[in-house]
Amino acid sequence: MPQLLRASRRFRGAPSSRSLTSGGGSGFRLAGVALLIALWSGGPAFALQEPQAESGVTDREAFLAEKLSPSVAQEKVSRDIARQLQYSHYRTLRIDREVSSKVFDNYLNYLDGQKLYFLESDIKEFEIYRHRLDGALKTGQLDPAFRIYNRLQERLYDRINYALSLLEQDSDKLDFEKDETILVDRAEESWPADEAEMNEIWRKRVKNSILSLELTGKKDDEIKKTLRKRYESQLRRASQTRSEDVFQGYMNAFTGVYDPHTQYFSPRVSENFNINMSLSLEGIGAVLQTDDEYTKVVRLVPAGPADKAGQLKPADKVVAVGQDDDGELVDVVGWRLEEVVDLIRGPKQSIVRLKVIPANAASDDETRVLKIVRDRVALEDQSASKEVLDIERDGKNYKVGVIEIPTFYADFKGAQLGDPDYKHTTADVRKLLKELEQSNIDGLVIDLRNNGGGALQEAITLTGLFIPQGPTVQVRTSDDRVAVHNDPDTSIVYGGPLVVLVNRMSASASEIFAAAIQDYGRGLVVGNQTFGKGTVQSVRNLASGQLKITEFKFYRVSGGSTQHSGVLPDITFPSAIDVAEIGEDALPEALPWDQIAAADFDRVSSFDMYLPELARKHESRMLKNKEYQAILEEISFLAEAKAENELSLVLSSRKAQLEKQRKKELSVVNAKRSARGEETFKDFSAYETFVESEAMRTDKDKDEADLFTRESGEILIDLLNAQSQVAKHSPT
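With this note's numbering as the guide, the letters of the sequence shown map in order to residues 1 to 732.
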């Protein structure tokens with residue numbers, strides 16, 4: 001056992017939030033949802049300098065001397081936001097006592113969602129505000145929010161210094177052979193009754209943090225240095241909190257009552273948001289959010305550096321950032337989101353290293369270091385692409401065309417200038433369809449997996465390539481006005497058999513296209529339930545900052561909303577994506593599903609009579625497919641691991657658990673590779689080395705069709721044969 005972990009010398013660890021909140025335990029993720037920032041800005045790789053240990057704030061009186069208070073400008077913005085939410089938001093919601101109560105809970109969850117700082121006595125004291133915030137918000141009275149925040153600062157200082165004191169003294173409190181556990185998620189627990197109970201909670205957090213660092217291979221001195229630095233960094237950041245930060249958090253506790261996509265952006269966050277929307281500068285192409293004390297990947301920009309590298313995934317959590325091949329990995333647990341963004345940004349062709357807890361990790365003890373080459377994304381890189389699958393069935397060879405659409409893109413500048421050849425999704429897909437028809441394809445798969453949407457008009461016109469003239473989507477305002485958007489083209493570019501492949505990350509415009517194809521009976525939808533984002537936001541400038549507000553809602557031509565429920569596939573594929581963390585229905589206060597009257601459209605066909613047989617044949621194939629079975633095994637293992645809400649604080653038990661996790665992960669990876677005829681890894685170290693080397697490759701060719709692309713082709717052939725059999729027995 002390492003010297004650090006002996007009962008005679010114990011060190012307290014920093015609050016590793018992921019270790020304590022796996023399984024979506026944040027309860028209220030508004031703070032993260034409000035700060036979606038894509039890493040596309042150029043500039044120096046190190047916009048921030050990592051503080052030295054001696055720079056930490058240690059004097060309590062000095063730390064708490066300057067109480068934060070609202071400005072007159074913020075009071076005005078608060079009143080403006082209240083007016084706009086009441087009169088412009090899609091959800092009609094009066095600012096009353098019920099809203100006040102929700103804002104109160106949201107704000108406490110934002111500040112201390114895991115109940116690690118406030119005491120029960122604090123919460124009882126604050127209860128006087130529960131039903132009084134409605135009037136205060138409408139009149140711009142912000143004192144309650146700042147009073148609560150200033151109390152948090154007091155509690156945070158005491159907690160951090162308690163942790164620092166444990167790092168500097170010998171203690172037998174952290175016995176790593178004592179049989180005890182720590183709760184993974186404290187969101188549903190009661191507030192600690194007193195300081196003694198809080199100390200016990202933090203004592204266990206210390207042990208957990210030390211164990212997590214020990215299991216990543218750090219030595220005694222490194223662990224102590226890392227934890228001290230993490231705590232002092234957290235104190236320093238807390239001491240630098242500005243009035244603007246408090247105001248933004250409170251306003252988003254307010255806007256979050258309406259829906260998760262309505263957000264207030266402070267002036268600095270507004271700047272980053274606008275950079276995100278332009279996607280014009282250099283970076284890694286990842287959208288991040290705060291999740292408790294971690295920075296979590298929300299999505300990857302299609303064809304961006306991270307997407308091309310193929311190793312960073314949605315829901316991965318970044319725990320450290322390093323520059324170049326050998327720069328120090330800077331621990332970023334507990335950092336402000338914009339500071340993590342600044343650290344990851346950098347010039348084109350430079351390297352950034354990210355230490356992450358993978359989304360599919362069974363616990364926080366499993367981390368991985370990824371290298372990504374920063375670059376600029378050109379519109380051409382996001383273009384639709386094609387391939388042809390050759391599938392043999394009963395002695396007959398079939399050709400299935402596949403068109404992958406990463407995003408619904410358009411060169412808006414070219415369109416505005418009247419360029420007849422401006423680049424956009426529909427034009428590119430039209431060209432690819434003509435080329436595929438020359439290859440005499442028997443059917444077509446449109447792959448929309450991980451397509452987060454884009455230009456609405458492109459979803460409308462793309463649908464028009466496959467259907468006769470008619471409605472494609474309906475848009476409703478909060479006052480029940482409905483606008484029907486139609487396909488303006490009477491021609492059909494491709495009228496053959498069609499399958500649309502989607503997954504949980506298919507959102508917005510992707511859902512509009514898939515829903516229209518399904519409603520018209522024009523093709524089958526296969527894959528996973530889509531994201532479920534069926535709302536539209538506009539960004540409004542305020543006297544200070546911006547308000548992104550939900551104003552419209554999408555509806556299918558059949559009348560059902562794409563909001564919340566997304567598009568349900570005709571045939572479902574398994575997925576390792578945790579739907580409790582990813583998807584509209586995983587977001588707090590998401591607008592509900594509902595429906596309106598159907599638009600006037602003519603259904604082309606129906607597949608209802610074929611679906612039971614198609615599903616049976618699909619399941620029969622998958623039962624024999626070793627790669628598919630490996631995926632099911634992986635999903636089952638992850639579900640079991642995430643269902644656990646306690647972690648052992650015994651070193652030997654944690655080591656055994658980590659070894660078991662790695663053995664299982666390696667088994668699943670090797671099973672997939674073996675099924676594909678690829679060389680397997682002899683051990684976990686070889687697998688990690690491979691992951692790192694693959695992330696750095698820039699010469700990767702397009703991979704051979706993956707399991708679900710090929711299975712989509714197989715389902716399409718099943719449909720062809722089923723329709724052929726029906727035609728043979730139908731009267732002429």
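Note that CB positions come from ideal geometry on N, CA and C, so glycine has one too.
Asked	Found
Indicate whether R237 and R336 have their beta-carbon atoms separated by less than 9 Å.	yes
Would A515 pass as a contact of E458 if the rule is Cβ separation under 9 Å?	no
Can I405 and D447 be called in contact, C-beta distance under 9 Å?	yes
In angstroms, rounded to a whole number, what distance separates the CA positions of Q74 and Y264?	12 Å
What residues match up with L108 in a beta bridge as DSSP calls it?	Beta-bridge pairing links L108 to no other residue.
Would you mind stating whether L68 and R268 have Cβ atoms separated by less than 9 Å?	no
Return the Cβ separation of N208 and L647 in integer angstroms, given the expectation that the two are a contact with Cβ distance under 8 Å.	6 Å
Please give the ranges of any beta strand (DSSP E) in the region 279-359, keeping only runs that are unbroken, at least 3 residues long and fully inside the region.	286-291, 294-300, 317-323 and 351-357
Can you give me the start and stop residues for the beta strand (DSSP E) that I372 sits inside?	R368 to V373
Kindly confirm or deny that the region 395-412 and the region 313-333 touch, where touching means at least three C-beta pairs closer than 8 Å.	no
Suppose only complete runs of 3+ residues qualify. What are the beta strand (DSSP E) ranges in the region 171-222, listed by chain order?	181-183
Using a Cβ distance threshold of 8 Å, determine whether the region 561-570 contacts the region 591-600, with at least three qualifying pairs required.	yes
Name the DSSP bridge partner or partners of E392?	N397
On a Cα-Cα basis, can you pick out the residue from R676, F681, G113 and R430 that is closest to R662?	F681
Answer yes or no: do K348 and D326 have a C-beta to C-beta separation smaller than 9 Å?	no
Just confirm the distance between the C-beta atoms of Q234 and I160, as a whole number of angstroms; I'd bet it's less than 8 Å.	6 Å
Among Q311, Q153 and T290, whose alpha-carbon lies nearest the alpha-carbon of E61?	Q153
Taking the alpha-carbon positions, what's the V482 to R556 distance?	12 Å
Inspect the beta-carbon positions of L735 and A82 and report whether they are closer than 9 Å.	Within the shown structure, residues of the chain are numbered from 1 to 732, placing residue 735 beyond reach of any answer.
Sorted by chain position, which residues of the same chain lie with C-beta nearer than 7 Å to D134's C-beta, five sequence neighbours on each side aside?	I95, D96, R97, V99 and S100
Can you tell which of E127, F637, V402 and I201 has the C-alpha that lies nearest to the C-alpha of N440?	V402
Name the residue from H424, V301, R132 and E222 whose alpha carbon lies nearest to the alpha carbon of E328.	E222
So for N486, helix, strand or coil by DSSP?	strand
For A727 and N721, I'd like the C-alpha separation in whole angstroms.	10 Å
Counting only runs that start and end within the region 418-451, where is the beta strand (DSSP E) found for 3 or more residues in a row?	443-447
Please name the residue in L649, E688, V691 and F708 whose C-alpha comes closest to that of R203.	L649
Looking at P314: is its Cβ nearer than 9 Å to the Cβ of G283?	no
Return the CA-CA distance between E714 and L444, expressed in angstroms with no decimal places.	11 Å
Can you tell me whether R299 sits near the ligand FMN, meaning its C-beta is under 8 Å from at least one heavy atom of the ligand?	The ligand FMN is not among the ligands present in this structure, which contains no ligands whatsoever.
Please state whether DSSP places P588 in a helix, a strand or coil.	coil
Where does S88 fall in DSSP's three states?	helix
Report yes if the CB atom of V373 is closer than 9 Å to the CB atom of M251, and no otherwise.	no
Can you tell which of N150, P192, V206 and R151 has the C-alpha that lies nearest to the C-alpha of D175?	V206
Since E551 contacts T530 with CB under 8 Å, what's their CB separation in whole angstroms?	Their Cβ separation, rounded to whole angstroms, is 22 Å, which puts E551 and T530 out of contact at 8 Å.
By Cβ distance, which residues of its chain are closer than 8 Å to T709, with the 5 residues on each side in sequence left out?	L389, V402, V445, D447 and L501
Between which two residues does the alpha helix (DSSP H) carrying P260 extend?	Run containing P260: none; DSSP gives neither H nor E here.
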